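In UniProt numbering, the protein residues as written are 1 to 365.
One structure is given below, encoded as structure tokens.
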């Protein structure tokens, strides 16, 4: 049976307070009549972009306790890319966890000629040795788990880096972590947190970078053209989505707990094990005794389950998702073993709905 390290989940009480904090920040940056509008468009008379976008950025910065925030195009991938390009010249050496880079992050590395320096963040001695001996310009840390064996605590890794190499820029990929964990990278000492608004009930294609004012200004300078700017109404929609994501995601976390507890107590004969994992968003991993994973996902779709993701917790994903395990997990387990597994994300469904669909699918195999 696998042992999987789970990130600290966001509780409903914590989610409620985060929602209140965000709305408080919005009221500090917007007059009432401004919020009840659809924002403004274009680069503005001063060439600095939408005034409403800047107000929304200041609300985010206030909410997360950082100097500045920037909305960018390209969702989470764009947020990471914009931050890296603003921070580092081509061919820079970046310390990363030894697991496979997220595919779109790998494209950014290839495009800029960045050199990944992989070490095991789970091993404090190895991390300390790399910080002492490697020529490095930055550190990129993925907050959620990159593989099944990963168990490092983000706060601990950041603390070690800060003590040993305080000059290094720490960028945290907080995709899937915002509104799923109590604290994110910049709240734990990182210089930058980058993530997608689309995964937080926001509009398609919008990313967010939380950072210092100096980094934010470099990102804005790179996004000079009008077409690369985020419009006022998009920024407002991102805040609206985020305000609802905290409670919605905390509810999903509770649902995940309920489902796994039920499966473990009343296991169907076909099920070998079930786990909660933060492989991207919080999900349920189920292993079957037989290689029936693809059959289960096909049958589950007939009973109302989504057969593939849209944006992993996006505004469109209400129904539960029954899907194959990730490419990273498949590479780790092997293609044959992966056929025994599926992942389930309840999305906005209750435990009863997920368990009903699973039971019906199992009864037809």
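C-beta: ideal position from N, C-alpha, C; glycine also.
Treat the numbers as computed from the prediction; the structure is a model and nothing was measured.
Please tell me whether residue 328 and residue 146 are closer than 8 Å, where the distance is taken between their beta carbons. Along the chain shown, one-based indexing puts residue 328 at 328. Along the chain shown, one-based indexing puts residue 146 at 146. Going by C-beta atoms, residue 328 is nearer than 8 Å to residue 146.
The stretch 158 to 173 in contact with the stretch 31 to 38 per 3-pair CB rule at 8 Å: no
Excluding sequence positions up to five away, which residues of its chain have a Cβ less than 8 Å from the Cβ of residue 65? Translated into the one-based positions of the chain shown, residue 65 becomes position 65. Here the set comprises 186 and 187.
Looking at residue 284 and residue 365, is the spacing between their C-beta atoms short of 8 Å? On the chain shown, residue 365 is found 365 positions in, with the first residue counted as 1. On the chain shown, residue 284 is found 284 positions in, with the first residue counted as 1. Cβ distance not < 8 Å, so residue 365 and residue 284 don't count as in contact.
Does DSSP put residue 142 in a helix, in a strand, or in coil? Position 142 of the chain shown, counting from 1, holds the residue named residue 142. Strand, per DSSP.
Taking the alpha-carbon of residue 53 as reference, which of 85, 219 and 235 has the nearest alpha-carbon? For the purposes of this step, residue 53 is taken as the residue at position 53 of the chain shown. With distances taken between Cα atoms, residue 53 lies closest to 235.
Quick one: does residue 347 have its CB under 8 Å from some CB of chain C? No chain C appears in the structure shown, which is made up of a single protein chain.
Give the straight-line distance between the Cα atoms of residue 196 and residue 207, rounded to the nearest whole angstrom. By one-based count along the chain shown, residue 196 stands at place 196. By one-based count along the chain shown, residue 207 stands at place 207. Residue 196 and residue 207: Cα-Cα distance of roughly 4 Å.
Pop quiz: residue 93 and residue 117 are said to be a contact at Cβ under 8 Å. What is the actual Cβ separation, rounded to whole angstroms? Taking the first residue of the chain shown as position 1, residue 93 is located at position 93. Taking the first residue of the chain shown as position 1, residue 117 is located at position 117. That pair is a contact at about 5 Å.
Determine the DSSP secondary structure at residue 72, reduced to helix, strand or coil. Position 72 of the chain shown holds residue 72. The answer is strand: DSSP assigns residue 72 an E or B state.
In angstroms, rounded to a whole number, what distance separates the CA positions of residue 324 and residue 342? Position 324 of the chain shown holds residue 324. Position 342 of the chain shown holds residue 342. Spanning the two alpha carbons is a distance of roughly 5 Å.
Give the list of continuous alpha helix (DSSP H) stretches no shorter than 4 residues that lie fully inside the stretch 216 to 295. 232 to 265
Using 8 Å as the Cβ pair cut-off and three pairs as the minimum, do the stretch 246 to 254 and the stretch 6 to 13 touch? yes
Does the beta-carbon distance from residue 272 to residue 288 come in below 8 Å? Start at 1 with the first residue of the chain shown, and residue 272 comes out as number 272. Start at 1 with the first residue of the chain shown, and residue 288 comes out as number 288. Going by C-beta atoms, residue 272 is nearer than 8 Å to residue 288.
Should the stretch 148 to 157 be called in touch with the stretch 113 to 130, which here means at least 3 C-beta pairs below 8 Å? yes
Go ahead and label residue 225 buried or exposed: buried means 16 or more other beta carbons lie within 10 angstroms of its beta carbon, across all protein chains shown. Position 225 of the chain shown, counted from the start, is the residue given in the question as residue 225. It is exposed - the Cβ of residue 225 has fewer than 16 other Cβ atoms within 10 Å.
Own chain residues within Cβ distance below 7 Å of residue 222, not counting five before or after: Walking along the chain shown from the start, residue 222 turns up at place 222. Cβ neighbours of residue 222 beyond the five flanking positions: 82, 85 and 86.
How should residue 47 be labelled, buried or exposed, when 16 other C-beta atoms within 10 angstroms of its C-beta is the threshold for buried? Sequence index remark: in the chain shown, residue 47 carries index 47 (1-based). With fewer than 16 other Cβ atoms within 10 Å, it is exposed.
Can you tell me where the alpha helix (DSSP H) holding residue 194 begins and where it ends? Working through the chain shown from its first residue, we reach residue 194 at position 194. Taken as a continuous stretch (DSSP letters only), residue 194 belongs to no alpha helix (DSSP H), being part of the beta strand (DSSP E) at 192 to 196.
6 Å CB neighbourhood of residue 69 in its chain, flanking five on each side removed: Here residue 69 refers to the residue found at position 69 when the chain shown is read from its first residue. If we look at residue 69 and ignore the five residues flanking it on each side, its Cβ neighbours are 57, 60, 61 and 210.
Nearest residue (CA-CA) to residue 254, options 280, 166, 351 and 49: Taking the chain shown and counting its residues from 1, one reaches residue 254 at position 254. The residue with the shortest Cα to Cα distance from residue 254 is 351.
Segments of 4+ residues assigned as alpha helix (DSSP H) that fall wholly inside the stretch 59 to 129: 75 to 87 and 103 to 112
From the DSSP output, in three-state form, read off residue 52 for me. For the purposes of this step, residue 52 is taken as the residue at position 52 of the chain shown. It is helical.
Contacting residues, own chain, Cβ-Cβ under 8 Å from residue 316 (five flanking each side not counted): Mapped onto the chain shown, residue 316 falls at position 316. So the list reads 310, once near-sequence residues are dropped.
Measuring alpha carbon to alpha carbon, tell me which residue in 36, 41 and 4 is nearest residue 227. For the purposes of this step, residue 227 is taken as the residue at position 227 of the chain shown. For residue 227, the nearest C-alpha among the options comes from 41.
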